[in-house]
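In our numbering, the protein residues as written are 22 to 189.
Below, the structure written as structure tokens:
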């Protein structure tokens, strides 16, 4: 190599005399080549991330998250509407944090999670699901005392809903 020192570089080419851009053949690539390569790599990464984000279902359709939110919503409705039952607020907060962490692991952002929790439409959807759940048990959401009956039943069964409640 005409007495010059050759050094390997990341691209697999040899640098001559430790001068970046001068390769085995003695020619040099355009200086923008490395920048173009990193831009294309970043663009490909963004495209993959965007397609993955587009492919994920709405958070309300992820069973483990939706069921957890449903549990919290029902327990909260019981707590608010039944004087003889209180909520275990710290347990509820812990459950919300656990659900948020799991949703984050599944690729959902905190703003996507917050949008579900703050949405009146979503809250009503969970209430409707609660009405259906109560109807299966022979209870009526709109009948006075049935939420309290549901609360006592959930507490006695030590269900996920009952774990978030305590009788006074």
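All C-beta atoms in this analysis are idealised placements derived from N, C-alpha and C, irrespective of residue type, glycine included.
Contact check for residue 137 and residue 182: beta-carbon distance about 19 Å, past the 8 Å limit, so the pair fails to qualify. Secondary-structure assignment with DSSP links residue 186 through a beta bridge to 108. Burial check for residue 127: the Cβ neighbour count within 10 Å stays below 16, so the residue is exposed. Annotation: residue 156 to residue 116 spans about 26 Å, alpha carbon to alpha carbon. When C-alpha distances from residue 121 are compared across 87, 142, 100, the shortest belongs to 87.
DSSP, reduced to helix, strand and coil, places residue 169 within a helical segment of the structure shown. Per DSSP, residue 159 lies in no alpha helix (DSSP H) and is assigned neither H nor E. The three-state secondary structure of residue 89, taken from DSSP, is helix. Scanning 148, 145, 118 for the CA closest to the CA of residue 134 turns up 118.
In the DSSP annotation of this structure, the continuous segment of the alpha helix (DSSP H) that includes residue 137 starts and ends at 131–139. The beta carbon of residue 162 is closer than 6 Å to those of 152, 155 in its chain, skipping five residues each way along the sequence. Shown here for residue 129: same chain residues with a beta carbon closer than 6 Å to its own, the five before and five after excluded, namely 80 in chain order.
Taken through DSSP and simplified to helix, strand or coil, residue 178 comes out as coil.
Setting aside the 5 residues that flank it on each side, residue 102 is surrounded in the same chain by 168, each with a C-beta closer than 6 Å to its C-beta; the list follows chain order. A distance below 8 Å separates the beta carbons of residue 185 and residue 93.
For the pair residue 160 and residue 105, the Cα-to-Cα distance works out to about 18 Å.
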